[in-house]
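Residue numbers (the numbering used here), protein chains in the order written: chain A, 58 to 423; chain B, 1300 to 1578. Positions of the beta carbon are idealized from the N, C-alpha and C atoms, including for glycine. Fair warning: this is a prediction, and the values are worked out from it, not measured in the lab. This report refers to the structure that appears directly beneath it.
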């Protein structure tokens, strides 16, 4: 088990500046997830940690030792690849044992470790088969088994579940989480799937365009995003972003929508926003924080907005309703029976205590 | 009723196919058969009109003459020259191909330039090579022929192996590197096993090229390292052709290729299609 400390990491691919100064610490035993849209540099960062890419500036230290010029094999890491990277000409047993043989571990010890990993992953009966005889989920288990037997100080996962169907992906996600608890090794995991990031991570590292946009615990990022980008990336359905204007109203501040409604901000928020009135903002509000308005009086910080249910999408447990608020389509998550027919009028209670305001120019959360 | 009818018709079609296939097979195999038969015939039978379809007895005189006079050394020479040059071309060529495929050595154009070397008609360069060889004293030596065949086969090996190696998923090598292999170990444990069919197919083709080459061997050898195709020409005389020797020598020269291709047929078919179809 080891920590990973990255400082000022730079990486170029020719003229493309892929990583623009990454500073990051992943603690011992931590499960860190690199997440972000395609091309954000998350896989490059992982591959640089593995030593499969050369870095062009900065340092990477694993377990306190700088590994910049170390070959991948000397870094004592194990890596699981997106396409499993199983050797088609070797049996499952030999695939799992491959790394141990490369390191000249004695056969009885190899057998012990392979059997142990096979038991942990439920692939014992498959050991004498060849990869082509396995399903996608089984192949991924074998790939993970190959990493486990290495007993490396750091585990790297490069989008390991993206080739699996939805059901298997849910199952394997649980498996990986369980695995992390059982072997308690530092793990770094790359995904573009925000659900994987939220459910697995101790620490999410959200990358955008070669930089870390924000890092922290999943719920921190979800509830207190630093930028509109982070707010928009995490959460499903994604956060509603409504262009609006910040205006003074009485002692406090309010949000004026393009369609004319004015929503009073809760007292707690007004102080922070003092002196910022009469500026353009983007109101960010999650579908879960808009509910059906019940009764006449709204609690503090909750604003009433009337709209029409343009589109209703029931999922069984929750129903997603699309309405037009402030001139844009807004998604609302309601209870299964909270809304009538399509096109009917509906009163929403918008919980501005949970809302965020984003500066449209800098994308920063105010 | 209709079932029985169509079945009968289906059976008839099948029979027709077999008849046609057999006819084609006979046409194609007949020259080979004839070659073998001539090598076992007496001189009288060879020139007999109408032709004798099979010899009255399998007499091995033609072969014995080849062994007695030392003509079979030409086969041995061919083996040495073709075998060693193929081995060298495969070793150097595969490493070059790996470098081109994985490290993009020389960019896109180097690979193209290399294969263009193979397009040169041998006859266009054989005389300059002859003059150079005379200068260095390499004419009629194993070294001379091996060097030439290695050089001539290298572009082919590089080109073919580059394709096969590029088709190996990079992740397999990266996984091996992370798991504890050096670059060399990765070659042995991942690249070669993955490219095995391609290696076999390419090796057979390089061997066959060197084995069958006539023009280089004709001009660059005199008496010492005469290869089998050149030896064969010695039996075509001004007054007469030694058909029995030609046939026996041809059989001896064909058998090794026949055996090699049969053994490697499995790899050959897979190897050829491996390069053709990406996937």
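Name the chain A residues that come within less than 7 Å of residue i, Cβ to Cβ?
i: residue 1470 of chain B; result: 138, 140, 142
i: residue 1490 of chain B; result: Here the premise fails: no neighbours, minimum Cβ distance about 11 Å.
i: residue 1484 of chain B; result: 159
Anything in chain B within Cβ reach of residue i, meaning under 7 Å, just list it in chain order.
i: residue 156 of chain A; result: 1478, 1479
i: residue 315 of chain A; result: By Cβ distance, chain B contributes nothing, its closest Cβ being about 50 Å from residue 315 of chain A, past 7 Å.
i: residue 217 of chain A; result: Within 7 Å Cβ-Cβ: nothing; residue 217 of chain A doesn't reach chain B, min ~12 Å.
i: residue 417 of chain A; result: Those within 7 Å of residue 417 of chain A in chain B number zero; the least Cβ separation is about 42 Å.
i: residue 129 of chain A; result: 1476, 1477
i: residue 170 of chain A; result: The contacting residues do not exist; residue 170 of chain A stays about 13 Å from chain B at best.
If I measure Cβ to Cβ from residue i and keep anything under 7 Å in the same chain, skipping five residues before and after, which residues do I get?
i: residue 128 of chain A; result: 108
i: residue 1574 of chain B; result: Low confidence applies to residue 1574 of chain B: its pLDDT is 45, below 50, so where it sits in the model is not reliable, and the reading given next is rough at best. These residues qualify, in order along the chain: 1459, 1462, 1463, 1497.
i: residue 1314 of chain B; result: none
i: residue 1547 of chain B; result: 1338, 1361, 1362, 1365
i: residue 278 of chain A; result: 261, 263, 271, 287, 291
i: residue 1353 of chain B; result: 1336
i: residue 1421 of chain B; result: 1514, 1515
Take the Cβ of residue i as the centre, count every other Cβ of all protein chains shown within 10 Å, and call the residue buried at 16 or more, exposed below.
i: residue 1515 of chain B; result: buried
i: residue 1316 of chain B; result: exposed
i: residue 1373 of chain B; result: buried
i: residue 1408 of chain B; result: exposed
i: residue 1525 of chain B; result: buried
i: residue 1377 of chain B; result: buried
i: residue 239 of chain A; result: exposed
i: residue 1510 of chain B; result: buried
i: residue 1332 of chain B; result: exposed
i: residue 141 of chain A; result: buried
i: residue 1577 of chain B; result: In this predicted model, residue 1577 of chain B has a pLDDT of only 35, less than 50, meaning its place in the structure is not dependable; the value taken from the coordinates is given anyway. Exposed.
i: residue 1381 of chain B; result: buried
i: residue 163 of chain A; result: exposed
i: residue 1537 of chain B; result: exposed
i: residue 408 of chain A; result: buried
i: residue 257 of chain A; result: buried
i: residue 405 of chain A; result: buried
i: residue 1344 of chain B; result: buried
i: residue 1300 of chain B; result: In this prediction, residue 1300 of chain B has a pLDDT of 43, which is less than 50 and means its spatial position is unreliable; what the coordinates show is noted afterwards. When all chains shown are included, residue 1300 of chain B counts as exposed.
Expressed to the nearest angstrom, what Euclidean distance is found between the alpha-carbon atoms of residue i and residue j?
i: residue 202 of chain A; j: residue 253 of chain A; result: 20 Å
i: residue 361 of chain A; j: residue 325 of chain A; result: 19 Å
i: residue 1423 of chain B; j: residue 1495 of chain B; result: 35 Å
i: residue 79 of chain A; j: residue 65 of chain A; result: 5 Å
i: residue 1391 of chain B; j: residue 1410 of chain B; result: 15 Å
i: residue 1455 of chain B; j: residue 1507 of chain B; result: 13 Å
i: residue 123 of chain A; j: residue 101 of chain A; result: 18 Å
i: residue 61 of chain A; j: residue 143 of chain A; result: 27 Å
i: residue 1393 of chain B; j: residue 1470 of chain B; result: 20 Å
i: residue 159 of chain A; j: residue 1479 of chain B; result: 6 Å
i: residue 374 of chain A; j: residue 394 of chain A; result: 9 Å
i: residue 292 of chain A; j: residue 355 of chain A; result: 26 Å
i: residue 1499 of chain B; j: residue 1551 of chain B; result: 23 Å
i: residue 412 of chain A; j: residue 340 of chain A; result: 7 Å
i: residue 1434 of chain B; j: residue 1347 of chain B; result: 50 Å
i: residue 246 of chain A; j: residue 215 of chain A; result: 6 Å
i: residue 73 of chain A; j: residue 98 of chain A; result: 11 Å
i: residue 1355 of chain B; j: residue 1340 of chain B; result: 8 Å
i: residue 1501 of chain B; j: residue 1549 of chain B; result: 24 Å
i: residue 133 of chain A; j: residue 154 of chain A; result: 16 Å
i: residue 1491 of chain B; j: residue 1403 of chain B; result: 19 Å
Cβ closer than 8 Å: which chain B residues qualify as neighbours of residue i?
i: residue 109 of chain A; result: 1473, 1476, 1477
i: residue 405 of chain A; result: The premise fails here: residue 405 of chain A is roughly 49 Å from chain B at the closest Cβ pair, so nothing lies under 8 Å.
i: residue 62 of chain A; result: The premise fails here: residue 62 of chain A is roughly 20 Å from chain B at the closest Cβ pair, so nothing lies under 8 Å.
i: residue 119 of chain A; result: Simply none; closest approach about 13 Å.
i: residue 135 of chain A; result: 1477, 1478
i: residue 186 of chain A; result: Correct list: empty, because the minimum Cβ distance to chain B is about 18 Å.
What residues of chain A sit near residue i, judged by a beta carbon separation below 8 Å?
i: residue 1356 of chain B; result: Simply none; closest approach about 50 Å.
Might you give, ordered along the chain, the residues of its own chain that have their beta carbon closer than 8 Å to the beta carbon of residue i, omitting 5 neighbours on each side?
i: residue 335 of chain A; result: 302, 303, 304, 305
i: residue 1432 of chain B; result: 1438, 1443, 1519
i: residue 283 of chain A; result: 270, 271, 421, 422
i: residue 242 of chain A; result: 58, 86, 209, 210, 211, 212
i: residue 227 of chain A; result: none
i: residue 1527 of chain B; result: 1373, 1374, 1376, 1377, 1510, 1548, 1551, 1552
Which chain B residues are close to residue i, counting only those with a beta carbon under 9 Å from its beta carbon?
i: residue 350 of chain A; result: Here the premise fails: no neighbours, minimum Cβ distance about 54 Å.
i: residue 146 of chain A; result: 1492, 1493, 1495
Which residues in the same chain have their Cβ closer than 6 Å to the Cβ of residue i, if we skip the five residues on either side of it in sequence?
i: residue 1534 of chain B; result: 1541, 1544, 1545
i: residue 359 of chain A; result: 406, 408
Three-pair Cβ contact test at 8 Å for the segment 339 to 349 of chain A versus the segment 375 to 394 of chain A: Contact holds: three or more Cβ-Cβ distances are below 8 Å.
At least three beta-carbon pairs within less than 8 Å, the segment 366 to 385 of chain A to the segment 312 to 320 of chain A: Judged by pairs of C-beta atoms under 8 Å, the segment 366 to 385 of chain A touches the segment 312 to 320 of chain A, as three or more such pairs exist.
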